[in-house]
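Its first residue numbered 37, the sequence shown is counted upward by one per residue in our numbering.
Quick reminder that beta carbons are idealized off the backbone N, C-alpha and C, glycines included.
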Amino acid sequence: MHAFRDVDYDRYTITKEYDPDVETVRQRDMIRRAAELAKEREDRLGRRLNACVVTFGCQMNARDSEKINGVLTAAGIELTDDENADIVIYNTCTVRDNANQRVYGRLGNLGVMKKKHPDKMIVLCGCMVQEAAVIEKIRQTYPFVDMIFGTHNIYKFPELLVRLLEDEGMIIDVWKKTDSVVEDLPVVRKYPFKSGVNIMFGCDNFCSYCIVPYVRGRERSRMSGEILEEVRRLADTGVSEVMLLGQNVNSYGRGLEGEISFPGLLKEVEKVEGIRRIRFMTSHPKDLSDELIEVMAESRKICSHLHLPVQSGSSRVLEMMNRKYTRESYLELVYKLRKAMPDLSITTDIIVGFPGEEAADVDETVSLIHEAAYDNAFTFIYSKRAGTPAAYYESRMSAEEISEGFNRVLAAVQKEARKNVSRFSGRTMEALVEEVNEKDSGYVTGRLSGNVLVHFKGDASMVGTYQNIKLTENKGFYYIGERV
Ligand code: SF4
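Written as structure tokens, this is what we have:
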């Protein structure tokens, strides 16, 4: 252990009685130490130290990157999008094998840059490095990587940053699991007016194609009091839209004695003054309760959008995927939701080419897309994920059949989306303005409660405000509108 000034290790040594408050104090001290070390480097370089954080994958990773950016900023390090930076951090995703390959390819480029600038610091974190085989490969093939840390100890990033700036050589700090949830550290939000809030970590569902339960660990919910405190703090700093995040938010609170359920949590978040919109992600269909439908239907703040991953329209494939619902029970849920909330936008995820799937199963997926009348869907071709049960299943379709099936699914999604999004044409709806339009600076882009984008005339002063917009032109997946 290094003897840092200002840090009394005895006071902060973590004992069995783990105390998140003490840990937070410890990490805040580490930020101060990182700032000193960064300053020393800057004096040597004669310029500001900068860092580039690249996020791969899902909303949970995006939220983690905001925390990493928050710590870097608090340590006085400048943020940039340029990978020529002094520190480059890849926050990785491992859901698909090709995501790993992309990271390896980009790491090679960083290695070339580091040859020219040996002071460059390269860091890998996120889901990919939770796998032992990945760490081994990096040690062997990419020895220029300076630090690897996993998903469970991201709250220790200030301490890891200190170690990085102290030039310890390759640092590998990856934990198999954790019971700790330390959240009260600085963050830099991408948007000042909206923010993700982690309500739980990990997943217990073990869908047969998915690596998440192995790399993110068992499901752990945060205490509702802490979540609400965070939401209140966000509201105080100007956030009006929160997205509650977890791999399966519908099972929030399970295993926490005396804790409220997910619908109960939503009701409490609704009471927070200043919060105007509530979103959440992701909902597993098997755990979506009648109580949640009721709370959503009655709420004034919960957005009119539900992302409900179906993955396949064939009960046979769903069973092989270990999804624990059938085509029929899923559709029943969709009908219930539509009855309670006729304006609700429903979106989904679909995998084509799961091993064992046949053309007839794809037909069922296509027919389900029409029956569920989705507003949009993310469609993927199955990619084998080493370390999951499905990696041992045999494919029954050729590559051509899978590609043909994928195109049929995509065409069905596009047809439904165009039809269903158009049901709002001519109506006036509230949009939260997110940014000035990238292509035409005379326009701004807003998001409707149903998660559809609308572009309309405006300027930068509107960003972060709510505007009533008449939806004049349906462009398929988005609208052109006019302020009223
Ligand atoms: S619910 Fe299934 S797909 Fe989602 S994270 Fe858990 S195991 Fe993976």
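Please say whether Ser-458 and Asn-510 have beta carbons closer to each other than 9 Å? Reading the sequence shown from its first residue, position 474 is the one you call residue 510. Reading the sequence shown from its first residue, position 422 is the one you call residue 458. Going by C-beta atoms, Asn-510 is nearer than 9 Å to Ser-458.
So does Thr-529 have its beta carbon nearer than 8 Å to some heavy atom of the ligand SF4? Because the chain spans 37 through 520 in this model, residue 529 falls outside it and cannot be assessed.
Per DSSP, what kind of secondary structure is Ile-516 in: helix, strand or coil? Taking the sequence shown and counting its residues from 1, one reaches residue 516 at position 480. Strand at Ile-516.
Checking 9 Å against the spacing of the C-beta atoms, do Leu-292 and Met-259 come in under that value? Counting from 1 along the sequence shown, the entry for residue 292 is found at position 256. Counting from 1 along the sequence shown, the entry for residue 259 is found at position 223. In this structure, Leu-292 places its C-beta atom within 9 Å of the C-beta atom of Met-259.
Can you check which of these residues, Ser-431, Phe-460, Arg-421 and Gly-310, is closest to Gln-137 by C-alpha distance? In the sequence shown, residue 137 corresponds to position 101, counting from 1. Among Ser-431, Phe-460, Arg-421 and Gly-310, the Cα nearest to that of Gln-137 is on Arg-421.
May I ask you to check if the CB of Cys-163 is nearer than 8 Å to at least one heavy atom of the ligand SF4? As a first step, residue 163 must be located in the sequence shown, where it is residue number 127. Incorrect: Cys-163 has no Cβ contact closer than 8 Å to the ligand SF4.
Taking buried to mean at least 16 other C-beta atoms within 10 Å of its own C-beta, is Glu-172 buried or exposed? Residue 172 sits at position 136 when you count from the first residue of the sequence shown. Looking at its Cβ environment, which holds fewer than 16 other Cβ atoms inside 10 Å, Glu-172 is exposed.
Go through its chain and collect everything with a Cβ distance to Glu-518's Cβ below 8 Å, but skip five positions before and after it. If you number the sequence shown from 1, residue 518 lands on position 482. Same-chain partners within the cutoff: Phe-492, Lys-493, Ile-505, Lys-506 and Thr-508.
With distance defined between alpha-carbon atoms, name the residue in Asn-443, Ala-496, Asp-118 and Tyr-361 nearest to Glu-474. What you label residue 474 is simply residue 438 of the sequence shown in a count that begins at 1. For the options Asn-443, Ala-496, Asp-118 and Tyr-361, the alpha carbon positioned closest to that of Glu-474 is the one of Ala-496.
In three-state terms, what does DSSP make of Pro-299? On the sequence shown, position 263 is the one that residue 299 refers to. Under the three-state reduction of DSSP, Pro-299 is assigned to helix.
Chain-ordered list of residues that sit, by beta carbon, closer than 6 Å to a heavy atom of the ligand SF4: For the ligand SF4, the selected residues are Cys-239, Asn-241, Phe-242, Cys-243, Cys-246, Val-248, Pro-249, Gln-283, Asn-284 and His-320.
Tell me, to the nearest whole angstrom, how far the beta carbon of Val-389 is from that of Ile-247; I am working on the premise that it is less than 8 Å. To locate residue 389, count along the sequence shown from 1; it is residue 353. To locate residue 247, count along the sequence shown from 1; it is residue 211. Strictly speaking, residue 389 in this sequence is Gly, with Val absent from that position. With a Cβ gap of about 17 Å, Gly-389 and Ile-247 do not count as contacting.
Alpha carbon of Ala-333 to alpha carbon of Val-520, nearest angstrom: Looking up residue 333 in the sequence shown gives position 297. Looking up residue 520 in the sequence shown gives position 484. Between the C-alpha atoms of Ala-333 and Val-520 there is a straight-line separation of about 26 Å.
Opposing strand residues paired with His-491 [DSSP bridges]: As a working note, residue 491 is residue 455 in the sequence shown. For His-491, which the question treats as bridged, DSSP gives the partners Thr-481 and Ile-516.
Please classify Cys-88: does DSSP put it in a helix, a strand, or coil? In the sequence shown, the residue the question calls residue 88 occupies position 52. Cys-88 falls in the strand class under three-state DSSP.
Taking the alpha-carbon positions, what's the Asn-412 to Gln-450 distance? In the sequence shown, counting from the first residue as 1, residue 412 sits at position 376. In the sequence shown, counting from the first residue as 1, residue 450 sits at position 414. One C-alpha to the other measures close to 8 Å.
Closer than 8 Å by C-beta to Ser-419: which residues in its own chain qualify, once you throw out the five before and the five after it? Chain order, please. Locating residue 419 in the sequence shown gives position 383, where the first residue counts as 1. Same-chain partners within the cutoff: Arg-132, Asp-133 and Asn-134.
Whole-angstrom C-beta distance between Ile-67 and Ala-111, which should lie under 8 Å: One-based indexing of the sequence shown puts residue 111 at position 75. One-based indexing of the sequence shown puts residue 67 at position 31. About 5 Å separates the beta carbon of Ala-111 from that of Ile-67, a gap short enough to meet the 8 Å contact definition.
Mind listing, in chain order, the continuous beta strand (DSSP E) runs of no fewer than 3 residues lying wholly within the stretch 76 to 140? You should have 86 to 91 and 123 to 128.
Excluding the 5 residues preceding and the 5 following Ser-348 in the sequence, name in chain order all residues of the same chain whose CB lies nearer than 6 Å to its CB. Looking up residue 348 in the sequence shown gives position 312. Excluding sequence neighbours, Ser-348 sits near Leu-354 and Thr-401.
Runs of alpha helix (DSSP H) lying entirely within the stretch 162 to 236, each at least 4 residues, in chain order: Those alpha helix (DSSP H) runs which fall completely within the stretch 162 to 236 and span 4+ residues are 168 to 177 and 193 to 201.
Tyr-514 to Phe-242 span [Cα, whole Å]: For this step, residue 514 is matched to residue 478 along the sequence shown. For this step, residue 242 is matched to residue 206 along the sequence shown. Using only the alpha carbons, I get a separation of about 35 Å.
By Cβ distance, which residues of its chain are closer than 8 Å to Pro-321, with the 5 residues on each side in sequence left out? Position 285 of the sequence shown, counted from the start, is the residue given in the question as residue 321. The residues Leu-344, Pro-345, Val-346, Arg-359, Tyr-361, Ser-365, Tyr-366 and Leu-369, in chain order, have a CB closer than 8 Å to that of Pro-321 in the same chain once the five nearest residues on each side in sequence are set aside.
Given this structure, state the Cα-to-Cα distance separating Asp-79 from Cys-88, to the nearest angstrom. Position 43 of the sequence shown, counting from 1, holds the residue named residue 79. Position 52 of the sequence shown, counting from 1, holds the residue named residue 88. Approximately 20 Å between the Cα atoms of the pair.
Just checking, does the stretch 224 to 235 make contact with the stretch 194 to 209 on the three C-beta pairs under 8 Å criterion? Fewer than three pairs of CB atoms, one per stretch, sit closer than 8 Å, so the stretch 224 to 235 makes no contact with the stretch 194 to 209.
Are at least three pairs of beta-carbons, each pair with one atom in the stretch 143 to 154 and one in the stretch 101 to 116, less than 8 Å apart? In short, these stretches do not touch, since the Cβ pair count stays below three.
Option nearest Lys-375 by Cα separation, candidates Asp-323, Arg-315, Ala-408 and Asp-385: Position 339 of the sequence shown, counted from the first residue, corresponds to residue 375. Nearest C-alpha to Lys-375: Ala-408.
Taking the straight line between their C-alpha atoms, what separation do you get for Thr-130 and Leu-280? Looking up residue 130 in the sequence shown gives position 94. Looking up residue 280 in the sequence shown gives position 244. Whole-angstrom Cα-Cα distance: 22 Å.
Is it right to say Glu-255 is buried, meaning 16 or more other beta carbons lie within 10 angstroms of its own, or is it exposed? Numbered from 1 along the sequence shown, position 219 holds the residue referred to as residue 255. Around the beta-carbon of Glu-255, 16 or more other beta-carbon atoms lie within 10 Å, marking it buried.
Classification of Gln-166 by the beta-carbon crowding that lies within 10 angstroms, buried from 16 upward: What you label residue 166 is simply residue 130 of the sequence shown in a count that begins at 1. Burial call: buried.
Cα-Cα separation between Asn-286 and Arg-84, rounded to whole angstroms: Your numbering for residue 286 matches position 250 in the sequence shown. Your numbering for residue 84 matches position 48 in the sequence shown. Near 45 Å, if we compare the C-alpha coordinates of Arg-84 and Asn-286.
Compute the beta-carbon to beta-carbon distance between His-341 and Asn-487, rounded to the nearest angstrom, for a pair I have assumed lies under 8 Å. The residue you call residue 341 lines up with position 305 of the sequence shown. The residue you call residue 487 lines up with position 451 of the sequence shown. With 8 Å as the limit, His-341 and Asn-487 qualify as a contact, their Cβ atoms being about 4 Å apart.
Can the beta-carbon of Gly-106 be found less than 9 Å from the beta-carbon of Pro-222? Along the sequence shown, read from residue 1 onward, the residue named residue 106 stands at position 70. Along the sequence shown, read from residue 1 onward, the residue named residue 222 stands at position 186. Yes, Cβ-Cβ distance for Gly-106 and Pro-222 is below 9 Å.
Can you tell me whether Phe-442 is helix, strand or coil according to DSSP? Sequence index remark: in the sequence shown, residue 442 carries index 406 (1-based). Looking at Phe-442 - three-state DSSP - the assignment turns out to be helix.
Reference Gly-186; option with closest CA among Met-498, Ala-168, Val-472 and Ala-453: The sequence position of residue 186 within the sequence shown is 150, counting from 1. Its Cα nearest to that of Gly-186, the residue Ala-168 stands out among Met-498, Ala-168, Val-472 and Ala-453.
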